[in-house]
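Trainee: Here it is: the structure, laid out below.
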Amino acid sequence: MKLIVALVSAVVMCGVLPSASVYAQAAKAEYPSKTIKIIVPYVPGGSTDLLARTLGNAVSEKLKQSVVVENVPGASGNIAVSQLLKQPADGYAIFLGTSAALAVNPHLYKANSPYDPLKDLAPIILATKQASQVLVHPSVPVKTMQELTAYLKSRPNRDNYATAGNGSPGHLGNEMYKLMTGIEMTHVPYKGGAPALAGLAGGQTTMSIAILPESMALVNAGLLRALAITTLERSPQFPNLPTVSESVPGFELISWYGFVVKEGTPKEIVSMLNVAFDTALHEAGLNRRLSEMGFNIVGGKPEKLRELMISESDKWGRIVVEANISLN
């Protein structure tokens, strides 16, 4: 109804049919008038899916509109981003990604990358950052990072590591670990963090680097053994767990989640989404729930996410070259 009123007003005031800009202004005034979709690049059940659904429910209340999650796994997030880019730039399709889709993929896929994150995507908000754990199956005879490195060096190419997929933080973290220690092992990519850790818990792989929201329950249940945390400081959730850098100096891996829309989405809509997500993230109840799951709340303006996308692209671009990783 608001859209009709705006268009009629344009005709009355101008005596002509409304221009494209008038249509755009009317659409912005109506937003959101229909269901909003959050596209997730991994299968249901993992931390990305969990964060999307948890925040989606909260944002739905803020915007007084339904928010649904669509899981589109595959190709390190390329398929999901391609799905986003097929939609109109109107704010009704949102993508939730990690460093893989938002910074790393162009370096991995090079000329075959179907998009440029810094040109094709418009940041909404940097939602969370979180530490990861170095994990092994309980049958692996090691209890420290020093023992793990020695064990893997004694068995070149006999072991493997599970990740949420090509280009995921776990993939790049393991490749950085290999590069810094000189070990040799094989990458086993899954279609998400949950199936990767299920494979590790089932003894299909030797080790993994996985974020706390996905690993905590399995570690606490004794199904996986945590050897170290990947941040430079110890984790509040596991204060007695050493950092990787204590035995591999200079090693640091911080995972993060960011929400983006298609470039060209009206700035007013991006701003509205930013406020809705930021408000939801900092509500005491939701903030506490996410913290208990292992997420560290960030929030803030869209520029914060863009700055991180640029710096992470530079960092991991160098690692991809040094480790000679290519998915072409």
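If you count the sequence shown from 1, you need to add 3 to reach our numbering.
From the three backbone atoms N, C-alpha and C, an ideal C-beta is built for every residue, glycine too.
None of these values were measured; they are calculated from a predicted model.
Our contact map puts residue 111 next to residue 328 with C-beta atoms below 8 angstroms; I'd like the distance itself, whole angstroms only.
Mentor: In the sequence shown, residue 111 corresponds to position 108, counting from 1. In the sequence shown, residue 328 corresponds to position 325, counting from 1. Rounded, the Cβ-Cβ distance is 6 angstroms, consistent with contact.
Trainee: Quick check on the DSSP output: the alpha helix (DSSP H) that includes residue 192 runs from which residue to which?
Mentor: In the sequence shown, the residue the question calls residue 192 occupies position 189. Residue 192 -> not in any alpha helix (DSSP H); beta strand (DSSP E) instead, spanning 189–192.
Trainee: Who are the near neighbours of residue 332 in its chain, counting only those whose CB is closer than 6 angstroms to its CB and skipping five residues on each side?
Mentor: As shown, the chain starts at 4 and ends at 331. That puts residue 332 outside it, with no answer to give.
Trainee: According to the Cβ coordinates, are residue 66 and residue 47 closer than 8 angstroms?
Mentor: Your numbering for residue 66 matches position 63 in the sequence shown. Your numbering for residue 47 matches position 44 in the sequence shown. Taking 8 angstroms as the Cβ cut-off, residue 66 and residue 47 do not qualify as a contacting pair.
Trainee: For residue 85, collect the residues of the same chain with a Cβ closer than 6 angstroms to its Cβ; drop the 5 residues on either side in sequence, then sort them by chain order.
Mentor: For this step, residue 85 is matched to residue 82 along the sequence shown. Excluding positions up to five away in sequence, the list reads 117.
Trainee: Considering Cα atoms alone, identify which of 171, 103, 271 is closest to residue 190.
Mentor: Against the sequence shown, residue 190 aligns to sequence position 187. That would be 171, whose Cα lies nearest to the Cα of residue 190.
Trainee: Name the one or two DSSP bridge partners that residue 259 has.
Mentor: The count along the sequence shown starts at 1 and reaches residue 259 at position 256. Its beta-bridge partners are 132.
Trainee: Would you call the CB atoms of residue 224 and residue 49 closer than 8 angstroms?
Mentor: As a first step, residue 224 is located in the sequence shown; it is residue number 221 there, counting from the start. As a first step, residue 49 is located in the sequence shown; it is residue number 46 there, counting from the start. No, these two residues do not count as a Cβ contact at 8 angstroms.
Trainee: Give me the Cβ distance between residue 83 and residue 43, rounded to the nearest whole Å; I'm assuming they're in contact under 8 angstroms.
Mentor: Here residue 83 corresponds to residue number 80 of the sequence shown, with the count starting at 1. Here residue 43 corresponds to residue number 40 of the sequence shown, with the count starting at 1. Yes, residue 83 and residue 43 are in contact; Cβ-Cβ is about 7 angstroms, under 8 angstroms.
Trainee: Could you round the C-beta distance between residue 165 and residue 199 to whole angstroms and report it? I think they count as a contact, below 8 angstroms.
Mentor: The residue you call residue 165 lines up with position 162 of the sequence shown. The residue you call residue 199 lines up with position 196 of the sequence shown. Contact holds; Cβ gap of about 4 angstroms.
Trainee: Can you check whether the CB of residue 246 is closer than 8 angstroms to the CB of residue 231?
Mentor: Against the sequence shown, residue 231 aligns to sequence position 228. Against the sequence shown, residue 246 aligns to sequence position 243. The answer is yes: Cβ separation under 8 angstroms.
Trainee: From this set, 40, 107, 124, 53, which residue's C-alpha is nearest residue 265's C-alpha?
Mentor: Locating residue 265 in the sequence shown gives position 262, where the first residue counts as 1. Comparing Cα-Cα distances from residue 265 to each of 40, 107, 124, 53, the minimum goes to 124.
Trainee: I'd like the list of long-range same chain contacts for residue 169, defined as Cβ closer than 7 angstroms, with 5 residues on each side in sequence excluded.
Mentor: Here the question's residue 169 lines up with position 166 in the sequence shown. Counting only Cβ-Cβ distances below 7 angstroms, and skipping sequence neighbours, we find 79, 111, 192, 330.
Trainee: Taking residue 277 as the reference, which of 113, 51, 130, 106 has the closest Cα?
Mentor: For the purposes of this step, residue 277 is taken as residue 274 along the sequence shown, with counting starting at 1. Closest by C-alpha distance to residue 277, out of 113, 51, 130, 106, is 130.
Trainee: Tell me the rounded alpha-carbon separation between residue 157 and residue 185.
Mentor: Start at 1 with the first residue of the sequence shown, and residue 157 comes out as number 154. Start at 1 with the first residue of the sequence shown, and residue 185 comes out as number 182. One C-alpha to the other measures close to 11 angstroms.
Trainee: Residue 151 and residue 326 - do their beta-carbons sit closer together than 8 angstroms?
Mentor: Taking the first residue of the sequence shown as 1, we reach residue 326 at position 323. Taking the first residue of the sequence shown as 1, we reach residue 151 at position 148. Cβ distance not < 8 angstroms, so residue 326 and residue 151 don't count as in contact.
Trainee: Less than 7 angstroms between C-beta atoms, sequence neighbours within five positions excluded: which residues of the same chain meet that for residue 88?
Mentor: Taking the first residue of the sequence shown as position 1, residue 88 is located at position 85. Exclusion of the five residues before and after residue 88 leaves 118, 123, 265 as the residues of its chain whose Cβ lies within less than 7 angstroms of its Cβ.
Trainee: Please name the residue, chosen from 271, 196, 161, that lies closest to residue 77 on a Cα-to-Cα basis.
Mentor: To locate residue 77, count along the sequence shown from 1; it is residue 74. Nearest C-alpha to residue 77: 196.
Trainee: My output table needs one value for residue 166: the three-state DSSP class, helix, strand or coil.
Mentor: The sequence position of residue 166 within the sequence shown is 163, counting from 1. Strand, per DSSP.
Trainee: When DSSP labels each residue in this structure, what does residue 330 get in the three-state scheme?
Mentor: Position 327 of the sequence shown, counted from the first residue, corresponds to residue 330. Three-state DSSP puts residue 330 in coil, outside helix and strand.
Trainee: Return yes when the Cβ of residue 72 is within less than 8 angstroms of the Cβ of residue 59, no when it is not.
Mentor: Residue 59 sits at position 56 when you count from the first residue of the sequence shown. Residue 72 sits at position 69 when you count from the first residue of the sequence shown. For residue 59 and residue 72, yes; Cβs fall inside 8 angstroms.
Trainee: Tell me the rounded alpha-carbon separation between residue 38 and residue 273.
Mentor: Looking up residue 38 in the sequence shown gives position 35. Looking up residue 273 in the sequence shown gives position 270. So the alpha carbons of these two residues sit roughly 16 angstroms apart.
Trainee: Quick check: residue 53 and residue 216, are their CB atoms within less than 8 angstroms of each other?
Mentor: The residue labelled residue 53 in the question sits at position 50 within the sequence shown. The residue labelled residue 216 in the question sits at position 213 within the sequence shown. Yes. Within cutoff.
Trainee: Pick out whichever of 55, 136, 176 has its Cα sitting closest to the Cα of residue 96.
Mentor: Stepping through the sequence shown from its first residue, residue 96 is reached at position 93. Per the Cα distances, 55.
Trainee: Under 8 angstroms by Cβ, that's how I've got residue 180 and residue 251 pegged, so tell me the actual separation to the nearest angstrom.
Mentor: Within the sequence shown, numbered from 1, the residue matching residue 180 stands at position 177. Within the sequence shown, numbered from 1, the residue matching residue 251 stands at position 248. Contact between residue 180 and residue 251 holds: CB atoms are separated by about 7 angstroms, below the 8 angstroms threshold.
Trainee: Would you give the residue range spanned by the beta strand (DSSP E) that residue 145 belongs to?
Mentor: As a first step, residue 145 must be located in the sequence shown, where it is residue number 142. Premise fails: residue 145 is in no beta strand (DSSP E) and is neither H nor E.
Trainee: In whole angstroms, what separates the C-alpha of residue 315 from that of residue 322?
Mentor: Position 312 of the sequence shown holds residue 315. Position 319 of the sequence shown holds residue 322. Going by the C-alpha atoms only, they are around 11 angstroms apart.
Trainee: Just confirm the distance between the C-beta atoms of residue 280 and residue 127, as a whole number of angstroms; I'd bet it's less than 8 angstroms.
Mentor: Taking the first residue of the sequence shown as position 1, residue 280 is located at position 277. Taking the first residue of the sequence shown as position 1, residue 127 is located at position 124. Going by Cβ atoms, the distance from residue 280 to residue 127 rounds to 6 angstroms, so yes, they are a contact pair.
Trainee: For residue 140, count neighbouring Cβ atoms within 10 angstroms of its own Cβ and tell me buried if that reaches 16, exposed if not.
Mentor: Taking the first residue of the sequence shown as 1, we reach residue 140 at position 137. Residue 140 comes out buried.
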